[in-house]
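Here is the structure we will look at, set down as structure tokens.
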Amino acid sequence: MSLSIVKSVLSGGVVEIAPRGEIDVDTAYEVREAIAEVLAKGRPERIELNMRLVTFIDSVGISAMVAGFQTAEVSGVKLVVTEPSRFVHRQLWVTGLLGLFGAPEPYYAGAPTPEVLPGA
1 MSLSIVKSVL
11 SGGVVEIAPR
21 GEIDVDTAYE
31 VREAIAEVLA
41 KGRPERIELN
51 MRLVTFIDSV
61 GISAMVAGFQ
71 TAEVSGVKLV
81 VTEPSRFVHR
91 QLWVTGLLGL
101 FGAPEPYYAG
111 APTPEVLPGA
């Protein structure tokens, strides 16, 4: 399986990078390049790496994420992971890197959206 990456501008100066597929030795550079491209175009408030549709990630993919985190940090931009697939969540947890990326909860398809209480 290959990798595709969609970049979107969200509200509040946030850029979302959403990879889909497998991040491995053959495709990890695409994640690094996507982060570098966003930073070359400007300095967003935050970069969200939405990992919901990532089905596999190996050590080279994890390394690309860490390199992207460091590149963003040097530029004064916060990079966080959002909605990691269960596989990605497990890999970040096993490697001890979950906290580095904001300690996101794993994405579960069909999970109910949290209810916002009035006045909360």
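In UniProt numbering, the protein residues as written are 1 to 120.
Ideal Cβ positions, reconstructed from N, Cα and C, are used throughout, including at glycine.
No experiment lies behind these values; they were computed from the predicted model shown.
Label residue i either buried or exposed according to how many other C-beta atoms from any shown protein chain fall within 10 Å of its C-beta, with 16 as the threshold for buried.
i, result
"residue 120", "Model confidence at residue 120 stands at a pLDDT of 47, short of 50, so the residue's coordinates are unreliable; what they give is reported in the following sentence. Looking at its Cβ environment, which holds fewer than 16 other Cβ atoms inside 10 Å, residue 120 is exposed."
"residue 70", "exposed"
"residue 64", "buried"
"residue 59", "exposed"
"residue 105", "exposed"
"residue 99", "exposed"
"residue 37", "exposed"
"residue 42", "exposed"
Short check: CB of residue i to CB of residue j, under 8 Å?
i, j, result
"residue 87", "residue 57", "yes"
"residue 49", "residue 22", "no"
"residue 39", "residue 75", "yes"
"residue 18", "residue 31", "no"
"residue 97", "residue 66", "yes"
Enumerate in chain order the residues of its own chain whose CB-to-CB distance from residue i is below 6 Å, with the five nearest sequence positions on each side excluded.
i, result
"residue 10", "16"
"residue 28", "60, 61, 64"
"residue 92", "98"
Is any non-hydrogen atom of the ligand ZN found closer than 7 Å to the C-beta of residue i, if you look at the structure I gave you?
i, result
"residue 103", "In the structure shown, the ligand ZN is absent, as is every other ligand, since no ligand is present at all."
Counting only the same chain and skipping the five closest in sequence on each side, list residues whose C-beta sits under 7 Å from that of residue i.
i, result
"residue 121", "What is shown of the chain runs 1 to 120, which leaves residue 121 out entirely."
"residue 26", "none"
Sorted by chain position, which residues of the same chain lie with C-beta nearer than 8 Å to residue i's C-beta, five sequence neighbours on each side aside?
i, result
"residue 45", "12, 13, 14, 77, 78"
"residue 72", "35, 39, 47, 78, 79"
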